[in-house]
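For what it's worth, this note's numbering labels the leading residue of the sequence shown as 48, then goes sequentially. Cβ atoms here follow ideal geometry from the backbone N, Cα and C, with glycine treated the same way. Below: one structure, written as structure tokens.
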Amino acid sequence: MGQLSCPKCSGTAKGGRSCLIWLLVILLFPIGLALLLLPPKYRCSKCGHTFKA
Ligand SMILES: [Zn+2]
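This is the structure we're talking about:
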């Protein structure tokens, strides 16, 4: 989990990998480790804009 500033409104965007991703990583181990190569997503708490880090 991390924090970034929103590219649209420069508000605080929180995000990272969801619990679902971590669950799949564990269930599909070791193939699931490939999911960690996907970039984490962030969502702005101010305007709701979603973006990749
Ligand atoms: Zn925003």
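Quick one: what's got a C-beta closer than 7 Å to residue i's C-beta in the same chain, skipping five residues either side?
i: A100; result: L51, P86, P87, Y89
i: P54; result: F98
For ligand 1, is there a heavy atom less than 6 Å away from the beta-carbon of residue i?
i: C66; result: no
i: K61; result: no
Under the DSSP definition of a beta bridge, which residues are partnered with residue i?
i: C91; result: A60
i: G49; result: G62
i: F76; result: Looking at the DSSP assignment, F76 forms no beta bridge with any residue, so it has no partner.
i: K32; result: Only positions 48 to 100 of the chain appear in the structure, and residue 32 is not among them; the question remains open.
Looking only at its chain, what residues have a beta carbon closer than 8 Å to the beta carbon of residue i, apart from the 5 residues adjacent to it on each side?
i: G79; result: L71, V72, I73
(request) Would you list the residues whose beta-carbon is nearer than 5 Å to any heavy atom of ligand 1, in the order they occur in the chain? (result) C53, K55, C56, G58, C91, K93, C94, H96
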